[in-house]
Every structure is written in structure tokens, then in C-alpha cells.
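Residue numbers (our numbering): 1 to 263. Working notes, structure below.
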């Protein structure tokens, strides 16, 4: 009888609630994803640029150049890659212009559940994903086999996550790769997200500090402003101006050469 009573009591116990996704608290991946995703353009930067905007992008540092980019960063469901996966798609000259960049960013947690940074990947075949960031299920089957990753030392590491916004850097001292041409190089990159603005730059150099690529081709990073639809409310992040990011002046970065795609 006691056994039957115990079994009956067990059956009456409420079920354990299903585990919920982490709330977007500042300093964790869920919160950072809100700052990194959205639609952006460096139209204002390009409008105010000098002769560099009239020059064609080139590898190396033969001349300064700046192009007009429209970036769409979308949080997508790609369960084989992680919980917080961002599809990055840039277009040149216009929101409907030619695609200039397609990437996957996977946000990582540290041991305490905070934001460690993100890993970045290129597609082996990007064409099937063009323009599909908002399409439900478009990335559901995406796996590591479909992507080309960078070495462990190339994590875009979160810096000062306790402060307003987010700042990520790739350390050239640890991010050493071999380009498609076989040239050993190091990568230096920085991304700063401040609610309504985002700055981005990357650079690759060889061991003798020869610049192989620099994106953009100026001393300052891309300075993107969030694009909002008419009537759309602002984000929780601060409404910050397009202040040039001078904290990532090019250093001794080793990155991919012109035969390899940048981040």
C-alpha cells in the first residue's frame, strides 16, 4: 500500500518547467545580438568623404578608398551551429545592390554565461542563402561542413562588456592564418556596436608588416548608422553619433591575402 501511495504522489507532482532561453541582460549573447543585428548603412560617412570615395577598392595600401555599403545582419535559427547565430549580408551601393559579403557570426558564452565574443565563418557556397535572412527555416540545415572557419585564436573577443554597447577585437598576436595562396598572415579586426551605430574594420598583413588587405581602405573604420523604417521605435541602446573609432589603428596584423576573403 505504501508503494502504491508513493507512486500516486509521484504522478501528482507538477512537471519541471522547460528550460527557457537566457534573458537578454547586458553582457550576455542574447543582449549583444540585439546590438549587432539590424539594417545599417555608411551613407552619411560616404556622403562626407573626400576623394577616397571616387577610388576603386584595391588590395594592399596603394591608395585610400571608401565604398558605400548597406549591411543586413539577421538573427537566424541554425541549431547545428549554436543558439545565437547571425547571418551577415552586405550589398554595394544600394540596399538592392550586388552582394559584397556573406558571413556567419556565432556568438559564444564564457564559463560564467557571459559574452565571450563570436566566431566568424565564410560559406563554401554562399549562393543558396542570398537574401534569405528573414525566411523561416532557411538556415535550419546549415552545419559546420557548409562553412569555412578560422583558427581558435581568431575569436572576435568581447571587450569591456559591462559598459554601454559592445566592442569586439580580433588579436593579430593570436589570429594567424594561411591564405589560399599559401601566404602566412595575421588578422586584426574591430567591431563596435552602440545601439544606433556600428563601426567595422579589418586588416591583414604579412610577417614583414606588408598590408595585404584593409577594409575599408582608409585610416578610419566603416561608420554605419542603423536604418529604421518609418515609425519604428529606437533600440534599447544609446542613440550615438557616428564617432570615428580610433581605437583600432592598424598594427602588426597578419591576415589573409588578396586571394583569401577577409572576415
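Virtual Cβ for every residue (Gly too), placed ideally from N, Cα, C. This structure is a prediction, so every number in the text was calculated from the model and none was measured.
- Secondary structure of residue 214 (DSSP, three-state): strand.
- Around the beta carbon of residue 143, fewer than 16 other beta carbons lie within 10 angstroms, which makes this residue exposed.
- Under the DSSP assignment, residue 73 falls in the beta strand (DSSP E) whose first and last residues are 69 to 76.
- In the structure shown, residue 30 falls within a helical segment according to DSSP collapsed to helix, strand and coil.
- In the structure shown, residue 208 falls within a coil segment according to DSSP collapsed to helix, strand and coil.
- Two segments are said to touch when three or more pairs of C-beta atoms, one from each, lie closer than 8 Å; by this definition the region 143 to 160 does not touch the region 193 to 213.
- When secondary structure is reduced to three states using DSSP, residue 150 falls in the coil class, being assigned neither helix nor strand.
- Taken through DSSP and simplified to helix, strand or coil, residue 173 comes out as coil.
- Secondary structure at residue 39: strand, using DSSP grouped into helix, strand and coil.
- Within the model, the alpha-carbon separation for residue 180 versus residue 127 is close to 20 Å.
- Per DSSP, the unbroken beta strand (DSSP E) holding residue 105 starts and ends at 99 to 109.
- The Cβ-Cβ distance between residue 217 and residue 64 falls below 7 Å.
- A distance below 8 Å between beta-carbons, with the five flanking residues on each side excluded, links residue 97 to the following residues of its chain, in chain order: 70, 91.
- Considering only 213, 136, 225, the residue with the shortest C-alpha distance to residue 45 is 225.
- No Cβ-Cβ contact shorter than 7 Å links residue 227 with residue 101.
- For the pair residue 32 and residue 115, the CB atoms are nearer than the 7 Å cut-off.
- Here residue 159 carries a strand assignment [DSSP, helix/strand/coil].
- A residue is called buried when at least 16 other Cβ atoms come within 10 angstroms of its Cβ; residue 134 does not meet this threshold and is exposed.
- Counting along the chain, the unbroken beta strand (DSSP E) around residue 87 starts and ends at 85 to 92.
- Short of 6 Å from the beta carbon of residue 42, and not among the five residues preceding or following it, lie these beta carbons of its own chain, in chain order: 69, 222, 223, 224.
- Our two residues, residue 187 and residue 170, have alpha carbons roughly 7 Å apart in a direct line.
- Within its own chain, the residues whose Cβ lies closer than 8 Å to the Cβ of residue 109, once the five positions on either side in sequence are excluded, are 28, 29, 115, 116, listed in chain order.
- Excluding the 5 residues flanking it on each side, residue 35 has same chain C-beta neighbours closer than 7 Å at 165, 166, 193, 195, 237, in chain order.
- One thing to note: residue 73 has its Cβ no nearer than 7 Å to the Cβ of residue 85.
- Taking 7 Å as the cut-off, the beta carbon of residue 105 is found no closer than this to the beta carbon of residue 123.
- As computed with DSSP, residue 79 is found in no beta bridge at all.
- Shown here for residue 178: same chain residues with a beta carbon closer than 8 Å to its own, the five before and five after excluded, namely 184, 185 in chain order.
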